[in-house]
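Engineer: Mind having a look at this structure? Questions to follow.
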Amino acid sequence: MNKAGVLEIRKQFTQERCTIDRICSCYVNHEKEKLFVSHRSFGSLPEEETFKYLELFKHTLGGTFGKNLLSISFPLEEEMTGGKQEFLLKLRDGGLKDEALVDEFFDLVIANYANGENYYIILVHASYDVPGVTKDGIEMEDASENVYEYLLCSICPVTLSKAGLGYNEEKNVIEERNRDWQVEQPGKGFLFPAFIDRASDIHELLYFTKKPDELHPEMIEALFGTVPPLSSKDQREGFQEIVQETIGEDGDYAIMQNIHENLNQMMEDHEEEKENLSLSKKEVKQLLQDSGVEQEKL
């Protein structure tokens, strides 16, 4: 997926545009115990509650590509009968109405999400009627080309509010306020299937992590049957190691600056592409050469 695709889906998370029809949720404590499970029609929620959920969903599709938003492809074996892809497709195609299947999904998350705090799993189903677009990029609402049916999962920490004083309107006094449990912005989540070229791509999904260096690989492997991509920190450290080995620890500052400037430019130029920027050995060599590294060091 690319930035344009994510923005198009995020635009649907408003009261006017919302096409979510089903919401299932599960509240889990720090001991991995389910405190409650809910299966509801999204349209049955009070308006104010709906608004709060839509804000959470926007955050699940927020952040930077390659850092907070990662494209994940299913391994070939997981696209076979009985694979992880089939499980997610059953959830999606059934519109989350098979409660036993949804509960199985919740159990899978709980068993593999290493987390020492309370959290709230939200899984929604939606069908977006993708409008046609003119050559000038203008949407034609009455000229739908296809329907993008998808699942969005958000995993939100639930924390105890801070202790403090508050105003008790009934007693007309300032006193110690009651602490309660609050749902925070999502820490993890995913969109399945991916939305590529304004259509479904069941071979991929988009994974969200609020903290780029905490990918939770066990959960990724359990849900999608694959290992997670390198975190942005690991990628950065790996690239810096290559640069240091090439130009030496006492490398010229101007060359280092050129490398970072050229790399940033490449990332900007690549921003609208479907895939995250990746460089082959040949491309890394060309980058270093263009930045002023001597030929004999390459």
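Take the sequence shown: its letters are residues 1 to 298, numbered as in the numbering used here.
We put the CB at the ideal spot given by N, CA and C, even for glycine.
Since the model is a prediction, treat every value here as computed from it, not as a measurement.
#1: Relative to the alpha-carbon of Gly-166, which residue among Arg-179, Glu-49, Val-158 has its alpha-carbon at the smallest distance?
#2: Could you give the first and the last residue of the continuous alpha helix (DSSP H) run that contains His-300?
#3: Determine whether the beta carbon atoms of Asn-115 and Ala-222 lie at a separation below 7 Å.
#4: Just to confirm the assignment, what range does the beta strand (DSSP E) spanning Asp-107 have?
#5: For the 8 Å Cβ check, are there 3 or more pairs between the region 186-201 and the region 146-153?
#6: Looking only at its own chain, which residues have a Cβ that is under 6 Å from the Cβ of Ala-100, when we skip the five neighbours before and after it?
#7: How many angstroms separate the CA atom of Leu-7 from the CA atom of Ile-259?
#8: Quick check for students: name the residue ranges of the alpha helix (DSSP H) that lie wholly in the region 169-233, counting only runs of 4 or more.
#9: For Cys-153, write down the residues that DSSP places opposite it in a beta bridge.
#10: If you reduce the DSSP assignment to three classes, tell me which class Thr-81 lands in.
#11: Only counting the same chain, and skipping five residues up and downstream in sequence, which positions put a Cβ closer than 7 Å to that of Met-1?
#12: Pull the bridge partners of Cys-24 from the DSSP assignment, please.
#13: Could you give the DSSP three-state label for Glu-333: helix, strand or coil?
#14: If I measure Cβ to Cβ from Ser-161 and keep anything under 6 Å in the same chain, skipping five residues before and after, which residues do I get?
#15: Based on DSSP bridge pairs, tell me the residues matched to Lys-34.
#16: Quick one: grab the DSSP three-state call for Leu-96.
#17: For the alpha helix (DSSP H) that contains Leu-7, what are its first and last residues?
#18: According to DSSP, what are the bridge partners of Ile-255?
#19: I'd like the span of the beta strand (DSSP E) that includes Ser-73, first residue to last.
#20: Does the distance from the C-beta atom of Glu-145 to that of Val-130 stay below 7 Å?
#21: Write down the C-beta distance between Val-28 and Asn-118 rounded to the nearest angstrom, noting that I regard them as a contact closer than 8 Å.
#22: Report the three-state DSSP secondary structure of Ser-44 (helix, strand or coil).
#23: Candidates Gly-292, Leu-69, Phe-87, Cys-24: which alpha carbon is nearest Phe-190's?
Structural biologist: For this structure:
#1: Arg-179
#2: The structure shown does not extend to residue 300, since the chain is modelled only from 1 to 298, so the question has no answer here.
#3: Their beta carbons are not under 7 Å apart, which means Asn-115 does not touch Ala-222 by this criterion.
#4: Unbroken run through Asp-107 is the alpha helix (DSSP H), 99-112; no beta strand (DSSP E).
#5: yes
#6: Residues of the same chain with a CB within less than 6 Å of the CB of Ala-100, apart from the 5 flanking positions on each side, do not exist.
#7: Distance between the alpha carbons of Leu-7 and Ile-259: 30 Å.
#8: 217-224
#9: Leu-123, Phe-190
#10: Of the three classes helix, strand and coil, the one that applies to Thr-81 here is coil, per DSSP.
#11: Ser-71, Ala-194, Phe-195, Ile-196, Leu-206, Lys-274
#12: His-39, Leu-123
#13: No answer is possible for residue 333: it lies beyond the span of the chain, which begins at 1 and ends at 298.
#14: Arg-179, Asp-180, Gln-182
#15: Under the DSSP definition of a beta bridge, Lys-34 partners with Val-28.
#16: The answer is coil: DSSP assigns Leu-96 none of H, G, I, E or B.
#17: DSSP places Leu-7 inside the alpha helix (DSSP H), whose first and last residues are 3-10.
#18: Ile-255 pairs with nothing; no bridge assigned.
#19: 69-73
#20: yes
#21: 7 Å
#22: In the three-state DSSP reduction, Ser-44 falls in the helix class (H, G or I).
#23: Leu-69
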